[in-house]
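For the sequence shown, the working numbering assigns the number 2 to the initial residue and increments by one for each residue that follows.
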Amino acid sequence: MTQPAILSTGSYAPPRRLTNEELATMVDTSDEWIHSHTGIRARHIAADHEAASDLGTIAASRALESAGIAPEEVDMVLVATSTPDYLSYPATACIIQDNLSCTRAAAMDITAACTGFVYGLETAACYIKAGRARYVLVIGTEVNSRILNWNDRNTCVLFGDAAGAVLVGPSPDGKSRVIDSVLRSLGNDALALLRPKGGSRHPLTFTPEEEKDFYVQMNGKKVYLFAVSAMGKIIEKLLRRNGLTIDDIAYIVPHQANVRIIQSCSQRLGIPMEKFYLNLEEYANTSAASIPLALDEMNRKRLLSRGDRILTVGFGAGLTYGGNLITW
2 MTQPAILSTG
12 SYAPPRRLTN
22 EELATMVDTS
32 DEWIHSHTGI
42 RARHIAADHE
52 AASDLGTIAA
62 SRALESAGIA
72 PEEVDMVLVA
82 TSTPDYLSYP
92 ATACIIQDNL
102 SCTRAAAMDI
112 TAACTGFVYG
122 LETAACYIKA
132 GRARYVLVIG
142 TEVNSRILNW
152 NDRNTCVLFG
162 DAAGAVLVGP
172 SPDGKSRVID
182 SVLRSLGNDA
192 LALLRPKGGS
202 RHPLTFTPEE
212 EKDFYVQMNG
222 KKVYLFAVSA
232 MGKIIEKLLR
242 RNGLTIDDIA
252 YIVPHQANVR
262 IIQSCSQRLG
272 IPMEKFYLNL
282 EEYANTSAAS
292 IPLALDEMNR
302 KRLLSRGDRI
312 LTVGFGAGLT
322 YGGNLITW
């Protein structure tokens, strides 16, 4: 059986940087309040002409270039996004596939919100193990700024725009590989984090009083409690069924939503905060892009050594959650 591994990484964050101080001129908030409650100092915002496919194309092209793999060698393009270029169809993955000239590749979107990259990585690993694909691009790309109510300080301070990508393919040494994954959902609380308008349940309408329903809405307390619990369950499950302890793990790469969620999980499980790689201070919550963005940053900083074990942990709307155990 072919062992799948992450062969390379890539990412892209738009140049436009929106700081907490600047945001405080737009909505009733402050740098002190945002940072103390979330750990966020800034977020990057896509230019008017940039959509999710544009960010994702740059991140994926960087991953391909780093691996030295030609676009026509890619068998599948998987794109995790909650902010696709178009509502329903065409898939953003198809646009990126064309942008990259991956002429042999299948392409599809994965809608699992902030857990999308975790789902995508396991999907890629399964295709490769089954012999159905050799090289798979897994991309997380989000333009969250387009679906935010910039008058709602409870949500607009939390999110940013970015893309991250990995190329998954045959392990070069049999040791570097995607070892295991856990994927879960809690659909009974699906409406705790949602965009009410635009689907077949509540189709698009254009009355002014319904405008707020086009944007993200969140039951913050419910999502917070879910996220802390979900993170703990995934970490414990992956460690237990692979016969590992936290000392065997070089880094935990969590979805970068809120530092308080990660701190609570750290305290609950007795895991030092130093084990968690964080970059949300600079990028805020980039949804499905947050984990691959962090992996690429870690890779470029040379924080990862061959043979390091890494845990990824995602949680988000759906409510979805999951994680991957990876040997670098």
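Here a beta-carbon is modelled for each residue, glycine too, at the ideal position from N, C-alpha and C.
Backbone CA spacing between T84 and Y278 [nearest angstrom]
Position 83 of the sequence shown holds residue 84. Position 277 of the sequence shown holds residue 278. Going by C-alpha positions, T84 is about 25 Å away from Y278.
In terms of residues, what are the limits of the beta strand (DSSP E) holding Y322?
As a working note, residue 322 is residue 321 in the sequence shown. Y322 -> beta strand (DSSP E) spans T321 to T328.
Expressed to the nearest angstrom, what Euclidean distance is found between the alpha-carbon atoms of D86 and D162?
To locate residue 86, count along the sequence shown from 1; it is residue 85. To locate residue 162, count along the sequence shown from 1; it is residue 161. Those two C-alpha atoms are separated by around 13 Å.
Endpoints, the alpha helix (DSSP H) within which L270 is located:
Position 269 of the sequence shown, counting from 1, holds the residue named residue 270. Counting along the chain, the alpha helix (DSSP H) containing L270 begins and ends at V260 to L270.
Can at least three beta-carbon pairs, one atom from the stretch 17–32 and one from the stretch 123–141, be found at a separation below 8 Å?
In short, these stretches do not touch, since the Cβ pair count stays below three.
Along the chain, which unbroken stretches of the beta strand (DSSP E) at least 3 residues long are found entirely within the stretch 3–36?
The DSSP assignment places 5–13 and 18–20 as complete runs of the beta strand (DSSP E) inside the stretch 3–36, in order along the chain (cut-off: 3 residues).
Measure the alpha-carbon distance for L245 versus T328 and round it to whole angstroms.
If you number the sequence shown from 1, residue 245 lands on position 244. If you number the sequence shown from 1, residue 328 lands on position 327. Roughly 13 Å between the two C-alpha positions.
Could you tell me if T208 is buried or exposed, where buried requires 16 or more neighbouring beta carbons within 10 angstroms of its beta carbon?
Within the sequence shown, the letter at position 207 stands for residue 208. Taking a 10 Å sphere around the C-beta of T208, we find fewer than 16 other C-beta atoms and assign the residue as exposed.
Could you name the residues that DSSP lists as bridge partners for L205?
Stepping through the sequence shown from its first residue, residue 205 is reached at position 204. Note: L205 sits in no beta bridge, so no partner.
Can you pull the DSSP bridge partners for E143?
Working through the sequence shown from its first residue, we reach residue 143 at position 142. Note: E143 sits in a beta bridge opposite A163.
Taking the alpha-carbon positions, what's the R42 to M2 distance?
Walking along the sequence shown from the start, residue 42 turns up at place 41. Walking along the sequence shown from the start, residue 2 turns up at place 1. Their Cα atoms are separated by approximately 45 Å.
Compare the C-alpha of E73 against each of G200, A47, L88 and N100 and name the closest.
Taking the first residue of the sequence shown as 1, we reach residue 73 at position 72. E73 has its Cα closest to that of N100, out of G200, A47, L88 and N100.
Evaluate the contact criterion for the stretch 162–177 versus the stretch 4–23: three or more CB pairs, one atom per stretch, below 8 Å.
Verdict: yes, contact present.
Anyone know if the C-beta pair for L1 and K198 falls short of 9 Å?
There is simply no residue 1 to check, as the chain begins at 2 and stops at 329 in what is shown.
Rounded to a whole number of angstroms, what is the C-alpha to C-alpha distance between R178 and E212?
Here the question's residue 178 lines up with position 177 in the sequence shown. Here the question's residue 212 lines up with position 211 in the sequence shown. For R178 and E212, the distance between alpha carbons rounds to 46 Å.
Would you say the stretch 223–237 touches the stretch 261–271, given that touching needs at least three Cβ pairs under 8 Å?
A contact exists between the stretch 223–237 and the stretch 261–271.
With burial defined as no fewer than 16 other Cβ atoms inside 10 Å of the residue's Cβ, what is the status of N155: buried or exposed?
Locating residue 155 in the sequence shown gives position 154, counting from the first residue. The residue in question, N155, is exposed, as its Cβ has fewer than 16 Cβ neighbours within 10 Å.
Three-way DSSP call (helix, strand, coil) for Y216 in this model:
On the sequence shown, position 215 is the one that residue 216 refers to. The answer is coil: DSSP assigns Y216 none of H, G, I, E or B.
For L88, is the classification buried or exposed, using 16 other Cβ atoms within 10 angstroms of its Cβ as the cut-off for buried?
If you number the sequence shown from 1, residue 88 lands on position 87. Counting other Cβ atoms within 10 Å of its Cβ, L88 stays below 16 and is therefore classed as exposed.
Does the separation of the CB atoms of P173 and L305 fall below 9 Å?
The sequence position of residue 173 within the sequence shown is 172, counting from 1. The sequence position of residue 305 within the sequence shown is 304, counting from 1. L305 is positioned such that its CB atom lies no closer than 9 Å to that of P173.
Identify every residue that forms a DSSP beta bridge with S182.
Locating residue 182 in the sequence shown gives position 181, counting from the first residue. DSSP, once it has assigned bridges, lists N325 as partnering S182.
Chain D contact for A193 (CB, 9 Å cutoff):
Although the question refers to chain D, the structure presented lacks it and comprises just one protein chain.
Compute the Euclidean distance between the alpha carbons of A92 and A52, then round it to the nearest angstrom.
Along the sequence shown, one-based indexing puts residue 92 at 91. Along the sequence shown, one-based indexing puts residue 52 at 51. Rounded to whole angstroms, A92 to A52 spans 13 Å at the Cα level.
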